[in-house]
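First comes the structure, then the notes that go with it.
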Ligand SMILES: Cc1cc2nc3c(=O)[nH]c(=O)nc-3n(C[C@H](O)[C@H](O)[C@H](O)COP(=O)(O)OP(=O)(O)OC[C@H]3O[C@@H](n4cnc5c(N)ncnc54)[C@H](O)[C@@H]3O)c2cc1C
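Residue numbers (the numbering used here): 44 to 413.
Given below as structure tokens:
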């Protein structure tokens, strides 16, 4: 039996980042991936590195991670663009939330400024007339996530990590991980399998939240920022069965990536045209010029959604040598690097850069009363 200091199951962006951070700390790492590296939710994502600010813990992790993303600014494969985010308010009522949003962001050390209606249209002339204002967050960025996942796994391998590609972890058994070809690896296991988490850790609640995205042909400079409606958080954090929010991104290719939808209880990957129409209708309200554009491709993906929308990062209670990093919902690209550091720091008993308590998996398990 081969033994390791950490066996990472799953090589989406989260598992890849954990493997990289663990190997960089000198651990002997194994990485098990049943399909393509960065091929799960990671391949479906928009790749927006965004500081969501409604939840202080989520904001702390996003901000910590964004600082770590700076390492990838110059990596060509990451396709890093510091386009910033422009949050758009439709009317005066939505503008009322702008002051508090800016205060939360600045309180976390993130630059943000209010934008009035005239400035909004100067920054993004394609926006519909009549929008009331917004918030500009210049430090937010965009990357191409699957390439980053592959880079992280390759860097871990260069530091000695062993990749078990095309292998599925079938069972966790007394300090070892059993693969589908009966290979048995021994050592602490880190489960980073996204939506598939319950297959190995059924005690941790996880729901798949489907999303649709549409990408257009090239329309260079149609928009310059990632533009998102201020009400986006209601869609992201709400518990509705289905919702859409306006969220548009300029790709480095000149294409326009249009999102986003959220659906619980839709298990199949098929594109739902009613959902796409609902999503596009929302986008046309904000950017009428999209109506005349040619869509190139539509796809879906599933966001791994924990019990409260925040990831599980830490030891699995009452289990020896069993760790988890999963459940990042729609923020897992942004927060992967910080998640990995928090996880490896806990594993090695090091001081964490931010408080790990809000992410401990124990919060999702029933408390046994004394
Ligand atoms: C439409 C959409 C848009 C999004 N946009 C953004 C965005 O703009 N910004 C942002 O920050 N986040 C975004 N997200 C969220 C982000 O994509 C996810 O939070 C993140 O990719 C989760 O990464 P992961 O590594 O946990 O999971 P995954 O990427 O799903 O990786 C899990 C991996 O585990 C493997 N696996 C599963 N079971 C096993 C097993 N038993 N053995 C071996 N391997 C196994 C799978 O094959 C997979 O490769 C978006 C998500 C969607 C769906």
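Backbone N, C-alpha and C define an ideal beta-carbon position, used for all residues, glycine too.
Using a C-beta cut-off of 8 Å, the region 179-186 makes contact with the region 147-161, since at least three inter-stretch Cβ pairs fall below that distance. In the structure shown, residue 61 falls within a helical segment according to DSSP collapsed to helix, strand and coil. For residue 395, the three-state secondary structure derived from DSSP is coil. For a cut-off of 8 Å, the C-beta gap from residue 299 to residue 262 is around 6 Å, short enough to register as a contact.
Shown here for residue 260: same chain residues with a beta carbon closer than 6 Å to its own, the five before and five after excluded, namely 337 and 339 in chain order. In the DSSP assignment, residue 319 falls within the alpha helix (DSSP H) that extends over 316-329. Residue 347 has its CB nearer than 7 Å to a heavy atom of ligand 1. Shortest gap from the CB of residue 259 to any heavy atom of ligand 1: 7 Å or more.
CA-to-CA, the gap between residue 80 and residue 131 works out to about 35 Å. When the Cα atoms are used, residue 187 and residue 140 turn out to be separated by approximately 31 Å. A distance criterion of 7 Å places the beta-carbon of residue 212 in contact range of ligand 1, judged by its closest non-hydrogen atom.
Residue pairing by DSSP puts residue 269 in a beta bridge opposite 128. Distance from the CA atom of residue 167 to the CA atom of residue 359, rounded to whole angstroms, is 46 Å.
Shown here, residue 207 sits in a strand according to DSSP, grouped into three states.
When only Cα atoms are considered, residue 353 and residue 282 end up about 14 Å apart.
The C-beta distance from residue 304 to residue 316 rounds to 12 Å, too long to fall under 8 Å, and the pair is not in contact.
Between the region 71-80 and the region 45-56, the count of C-beta pairs closer than 8 Å reaches three or more; the two stretches touch. The alpha-carbon of residue 197 is positioned some 23 Å away from that of residue 224.
With a cut-off of 7 Å, the C-beta of residue 306 is classified as distant from ligand 1, since no heavy atom of the ligand falls inside that distance.
Taken through DSSP and simplified to helix, strand or coil, residue 45 comes out as strand. Remark: the C-beta of residue 76 is in contact range of ligand 1, defined as less than 7 Å to any heavy atom.
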